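> One structure coming up, written as structure tokens, with questions to follow.
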Amino acid sequence: GVDEIDHLLGGGPLRGTSTLLTGPAGSGKTNVALQYVWAACERGERCCIFEFDERVGTLLARASALDIDLDKHLHSGLLEILQMDPAEVSPGEFSWNLRKAVEQRNCSVLVIDSLNGYVTAMPQEKQLMLQLHEMLSYLNQKGVATFLINPQHGLVGTMSTGSLNVSYIADAVVLFRFFEAKGRIRKAVSVIKNRGGAHEDTIRELKIDGRGITVSAPLADFQGILTGTPEDEGCTVVRIVAPFGRDADSIAAVLEGVGLATHIAGNLEELAEHLDDRTGLVVVTQEALVRGADGMLPALQQQPAWSDIPFILLRSARSYRRSTREALLPASINVVEMDRPLGSMSLISAVQGALRARDKQFLVRDQMAALADGRAALSRSETELRLIADAMPVLIAFVDRSMCFRFANRAYETWFDLATGEVIGRHVREVIGESVWQQRRAAMERALDGQAALFEITWPHPLRGRRDCEVRYSPRTDTEGRVDGFHVFVTDITAAKLALSNSQQHAHALEAMVAERTRELEAQMAAREASEAALRQSQKMEAIGQLTGGIAHDFNNMLTGILSALDIVRLRLDMGRVDDLERFLDTATTSAQRAAALTQRLLAFSRRQSLDARPVEINTLLVSVQHLLHSTIGETVRLRTETCPVPLHATLDANQFESAVLNLAINARDAMPDGGELILRTAEADVHAGQYPAVPAGHYAVVAVADTGAGMAPEVVERAFEPFFTTKPIGKGTGLGMSMVYGFMQQSGGHIAIESRLGEGTTISLFIPLVEAATSEAVAAQAKAIRLGAGQSILVVEDDEQVRMLVTVVLEDLGYQAQVVGDADAALPILTSDQCIDLLITDVGLPGLNGRQLAEIARHSRPTLPVLFMTGYAEKAQERSSFLDAGMAMIAKPFLLDEFSAAVRTAMPETAGGNP
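Here the working numbering is used: the first residue of the sequence shown is 46, the next is one more, and so on.
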């Protein structure tokens, strides 16, 4: 059936229930019933429709407009449509037909269309309603799903037929109506009664078209509810010409009673003035044609091609007079004659059938308008395409399979001294000449076989002499996939060729390789930059926000140690005292090192520090992160740490690990708004196959972060690792934290598991593969001796003036010959020269070409040149193993003199002294 209406009815029209579909004419009642009948037949159920209002052909046409094929079910015997005449069928006969359909044909779905067509023809209304009630009780007992269709009159919610209210006899009532929204009249539907007794307190838009029937969400932007057929600018009007007595008013009253818009014309001349696109049909009595139809014929003859206004001619009882149909035939053959007197239902049925036929004409009108608009748009597009093609300094043409030009732009006039009209229709050989034709023929034949061609040629120019061209043949296929010709594109590339030939071969090769390598690097890092830069940076900056207060306090303490110690040294030097200066210098150095370590921690949280997986001991690492957690989780949350009694050795990025633990702790804190306990626990575990759904068997170090908070529902646990999924209020979380932790564990070869119960808390366990302890013994960090150079030549590329000055002084004091520049543009001429360079020291974050790109270019001319990168942070150097090639090293700023000296000596080969 219709899924959305099924949902509103609490499961659809179930077997053994009756559903009343009521509303004004044209609101979609019969269409919805037909949809349910078709769905039942598709399931192999037998259905029967008792039709009191429409002809079978009209009903099938209505179904066809919905793309519903009822014909096949009629022929297969699953569907039966019984045409019922309310003026002739008796209550007993109708009841017998119902029982026959159920008991003999085993029908499980019945439709009565329409109920008031049956009720109004019966003289004993009260007894009839009792019979209907008894009949529906019988159908319910037989498990039949029954649909009652009843046109609505009067106010919203009144489903009365004559003086009877029929809403109580059905188990469910679906109300159809119209509403206004944003100046448009639309259809609406709501359930005002269902089997459970509750009803829909909102209305929903009902859409019926060739794609089916759909129901929208509850409406909030409508201005009014309309019970009858809406009379807006787009609605159709029934024109009435009945000049005798109150005939016109009587006809209008009957039609307006079913929601149709009417207009009364005093005579045929007045009618002719109103025969416009809003006219749905014309109801005319015989008396109006006494003086002939000449006053109306000109207007009918001026109808557009799509229009054939239907007429209903109501003949008088004295039909011995000459037929008036003859006067209408020359201008319109769409006339239905009906003899008077006739019942209101017969008139309504005829009018509704004519309006449906008129609606099809309106559909043809709209399709013709759309086709005309499409043709106009196509013409404009072709004109615009011609203007664009003519404006381009490129030969553009299309050649068909007979090798004749079918399109050519204006550039052919310049190249061949032929007007465009002289090119189109001529053979290629006639345009380009015999010699050129013989050269190009093979490529053109391959293009007709579906093989694209791209090549460069030299074409004589009448003024310049030389003209280099790029020629492209692009095959074109028709709708069946066959090649019907090829496009020709010829571009003058003389200027580019001359520029390239005048450039040095080395510079040309260098630029080509730079462009190629840049594209490769951008392709490799595009996804990582787009996702990780946004994903990780966002979550880490949130974590940094939690630590801002504590970090500012620590930085102030460190800066105080540095500035105060240096002021004391300067003061004592001014006093001529040099004793005990080393103690104050050590204090400044220690404070600076603490600030550097804190800076590296901040870079780790912002995902800007280059990643480096190293052997670590999990217990020690977890204890070191506690001071960060204390300033993050607040005073209402107690922190307890339980470490494993044995060392747990693993290989991972310590900063990433701290970030993961911090993210989990922040989530745990948010789950305990009223306070609680946060437990950090480490353990050694041998996981067996199937012990955890997402953790394979193996030997692991388990880091568990547990809280006593609200816990998570199973459906939340299933989505916990989805990016941007969060249960926090808007503005309180990004939904990236858990996905970052999951990604870190996957990259580290580990796994993650969640155990949570509502009201009891959550435990998130990180399973990290254990490794053997490092074989080298730990040696206390000692200041290494500064190693001096032997006059080696070093090129330094650094954009910061102060760092550039300090590095230059350090290198010269260490015995090296330093040549210093500020950016890659200044370094390239030196690197491409014959000058001896033993080591390239470059900052990663340079303006223009970065340090990594500069090193790549330098390696083309100096393949063995060692490179030492300096980085405060390397936005693209997130993994050292992928960032550094052989012969490359990296040192992080800030660095000490001995560290820098060791890095320089390590990066420089022992035989340095001549790297041209």
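For every residue, glycine included, the Cβ atom is placed at its ideal position computed from N, Cα and C. Remember, predicted model here, so these are calculated numbers, not experimental data.
To the nearest angstrom, how far is it from the Cα of G495 to the Cα of V47?
Residue 495 sits at position 450 when you count from the first residue of the sequence shown. Residue 47 sits at position 2 when you count from the first residue of the sequence shown. Going from the Cα of G495 to the Cα of V47 covers about 48 Å.
> Is T536 helix, strand or coil by DSSP?
By one-based count along the sequence shown, residue 536 stands at place 491. Reduced to three states, the DSSP call for T536 is strand.
> Relative to the C-alpha of G311, which candidate in D294, V303, E301 and G257 has its C-alpha closest?
By 1-based counting over the sequence shown, the position of residue 311 is 266. For G311, the nearest C-alpha among the options comes from D294.
> Kindly list the residues whose CB is nearer than 7 Å to the CB of V559, restricted to its own chain and excluding five residues on each side of it in sequence; keep chain order.
Against the sequence shown, residue 559 aligns to sequence position 514. The residues are I902.
> In the DSSP output, which residue or residues are listed as bridge partners for P759?
The residue you call residue 759 lines up with position 714 of the sequence shown. The partner list for P759 (beta bridge, DSSP) is empty, contrary to what the question assumes.
> Given a threshold of 16 other Cβ atoms within 10 Å of its Cβ, counted over all protein chains shown, does L115 qualify as buried or as exposed?
Locating residue 115 in the sequence shown gives position 70, where the first residue counts as 1. So L115 ends up on the buried side.
> If I'm right that E515 touches T536 with Cβ under 8 Å, what's the distance once you round it to whole angstroms?
Stepping through the sequence shown from its first residue, residue 515 is reached at position 470. Stepping through the sequence shown from its first residue, residue 536 is reached at position 491. Between T536 and E515 the Cβ distance is about 5 Å, and since that is below 8 Å, they are a contact.
> Where do the ends of the alpha helix (DSSP H) carrying P349 lie?
Locating residue 349 in the sequence shown gives position 304, counting from the first residue. It is not in any alpha helix (DSSP H) - P349 carries neither H nor E in the DSSP assignment.
> Can you tell me whether DSSP reads K74 as helix, strand or coil?
Here residue 74 refers to the residue found at position 29 of the sequence shown. DSSP places K74 in helix when its eight states are reduced to three.
> By DSSP, does N195 sit in helix, in strand, or in coil?
Residue mapping note: residue 195 aligns to position 150 of the sequence shown, counting from 1. Looking at N195 - three-state DSSP - the assignment turns out to be strand.
> With H, G and I counted as helix, E and B as strand and the rest as coil, what does DSSP make of Y213?
Walking along the sequence shown from the start, residue 213 turns up at place 168. DSSP places Y213 in helix when its eight states are reduced to three.
> Specify, as a first and last residue, the run of the beta strand (DSSP E) that F914 falls within.
The residue labelled residue 914 in the question sits at position 869 within the sequence shown. V912 to T916 is the extent of the beta strand (DSSP E) around F914.
> For I248, which beta-bridge partners are listed by DSSP?
As a working mapping, residue 248 is identified with position 203 in the sequence shown. DSSP, once it has assigned bridges, lists no residue as partnering I248.
> What's the C-alpha gap between G342 and I309?
Translated into positions along the sequence shown, residue 342 becomes position 297. Translated into positions along the sequence shown, residue 309 becomes position 264. Sequence check: residue 342 is Leu here, not Gly. L342 and I309: Cα-Cα distance of roughly 18 Å.
> Does the distance from the C-beta atom of A716 to that of G756 stay below 9 Å?
As a first step, residue 716 must be located in the sequence shown, where it is residue number 671. As a first step, residue 756 must be located in the sequence shown, where it is residue number 711. Cβ atoms of A716 and G756: closer than 9 Å.
> Hey, E332 and S352: beta-carbon distance below 9 Å or not?
Within the sequence shown, residue 332 is the residue found at index 287, counting from 1. Within the sequence shown, residue 352 is the residue found at index 307, counting from 1. Their beta carbons are not under 9 Å apart, which means E332 does not touch S352 by this criterion.
> Where does C93 fall in DSSP's three states?
Here residue 93 refers to the residue found at position 48 when the sequence shown is read from its first residue. Three-state DSSP puts C93 in a strand.
> Using only the alpha-carbon positions, how far apart do T330 and W83 sit?
If you number the sequence shown from 1, residue 330 lands on position 285. If you number the sequence shown from 1, residue 83 lands on position 38. Their Cα atoms are separated by approximately 40 Å.
> What residue from H319, V380, R385 and F407 has the CA that sits closest to C350's CA?
For this step, residue 350 is matched to residue 305 along the sequence shown. Note on identity: in this sequence residue 350 is Ala, with Cys being the wrong assignment. Ranking the options by Cα distance to A350, first place goes to F407.
> Let me make sure I understand the geometry here. Which of T324, F702 and V335 has the alpha-carbon closest to that of A344?
What you label residue 344 is simply residue 299 of the sequence shown in a count that begins at 1. Comparing Cα-Cα distances from A344 to each of T324, F702 and V335, the minimum goes to T324.
> Excluding five sequence neighbours on each side, which residues of the same chain lie with their C-beta closer than 8 Å to the C-beta of V473?
Mapped onto the sequence shown, residue 473 falls at position 428. Excluding positions up to five away in sequence, the list reads V444, M448, C449, F450, W482, R485 and M489.
> Whole angstroms are fine: how far does the CA of V866 sit from the CA of V842?
Within the sequence shown, numbered from 1, the residue matching residue 842 stands at position 797. Within the sequence shown, numbered from 1, the residue matching residue 866 stands at position 821. In a straight line, the C-alpha of V842 is about 5 Å away from that of V866.
> Hey, S946 and L891 are a contact pair by Cβ (cut 8 Å); roughly how many whole angstroms apart?
Here residue 946 refers to the residue found at position 901 when the sequence shown is read from its first residue. Here residue 891 refers to the residue found at position 846 when the sequence shown is read from its first residue. At roughly 23 Å, the Cβ-Cβ gap does not stay under 8 Å, so S946 and L891 are not in contact.
> Take L440 as the anchor and find which of L105, T459 and L811 has the nearest alpha-carbon.
The residue labelled residue 440 in the question sits at position 395 within the sequence shown. With distances taken between Cα atoms, L440 lies closest to T459.
> Might you give, ordered along the chain, the residues of its own chain that have their beta carbon closer than 7 Å to the beta carbon of G743, omitting 5 neighbours on each side?
The residue labelled residue 743 in the question sits at position 698 within the sequence shown. Taken in chain order, the residues that qualify are V732 and P814.
> Do the CB positions of S793 and T696 come within less than 9 Å of each other?
The residue labelled residue 793 in the question sits at position 748 within the sequence shown. The residue labelled residue 696 in the question sits at position 651 within the sequence shown. Going by C-beta atoms, S793 is nearer than 9 Å to T696.
> In whole angstroms, give me the CA-to-CA distance for D277 and V234.
Start at 1 with the first residue of the sequence shown, and residue 277 comes out as number 232. Start at 1 with the first residue of the sequence shown, and residue 234 comes out as number 189. Confidence at D277 is low in this model, with a pLDDT of 45, below 50, so the placement of that residue is unreliable and no value is reported for it.
> Note down, one range per segment and in chain order, each alpha helix (DSSP H) of at least 4 residues found wholly within the segment 804 to 877.
846 to 858 and 869 to 876
> Alpha carbon to alpha carbon, how far is Q412 from L111? Give it in angstroms, no decimals.
Position 66 of the sequence shown, counted from the first residue, corresponds to residue 111. Position 367 of the sequence shown, counted from the first residue, corresponds to residue 412. Cα to Cα, the separation comes out at about 17 Å.
> With 16 other CB atoms within 10 Å as the buried threshold, where does Q923 fall?
Counting from 1 along the sequence shown, the entry for residue 923 is found at position 878. Low confidence applies here, because Q923 scores a pLDDT of 46, under 50, leaving its location unreliable; read the following figure in that light. Result: buried.
> Let me know the secondary structure DSSP gives L942 once reduced to three states.
Locating residue 942 in the sequence shown gives position 897, counting from the first residue. When DSSP states are grouped into helix, strand and coil, L942 belongs to the helix group.
> To which residues does DSSP link V234 through a beta bridge?
For the purposes of this step, residue 234 is taken as the residue at position 189 of the sequence shown. DSSP lists F221 and R249 as partners of V234.
> Alpha carbon to alpha carbon, how far is D943 from A828? Give it in angstroms, no decimals.
For the purposes of this step, residue 828 is taken as the residue at position 783 of the sequence shown. For the purposes of this step, residue 943 is taken as the residue at position 898 of the sequence shown. Because the pLDDT at A828 is just 43, under 50, the model does not fix this residue reliably, and the point stays unresolved.
> Buried or exposed for H118, going by 16 or more other Cβ atoms inside 10 Å?
The residue you call residue 118 lines up with position 73 of the sequence shown. By the neighbour-count rule (16 or more Cβ atoms within 10 Å), H118 is buried.
> Quick check: what's the CA-CA separation for H532 versus A464?
The residue you call residue 532 lines up with position 487 of the sequence shown. The residue you call residue 464 lines up with position 419 of the sequence shown. Taking the straight line joining both Cα atoms gives about 19 Å.
> Is Q347 buried or exposed, if buried means 16 or more other CB atoms sit within 10 Å of its CB?
Mapped onto the sequence shown, residue 347 falls at position 302. Classification of Q347: exposed, given that the 10 Å Cβ count is below 16.
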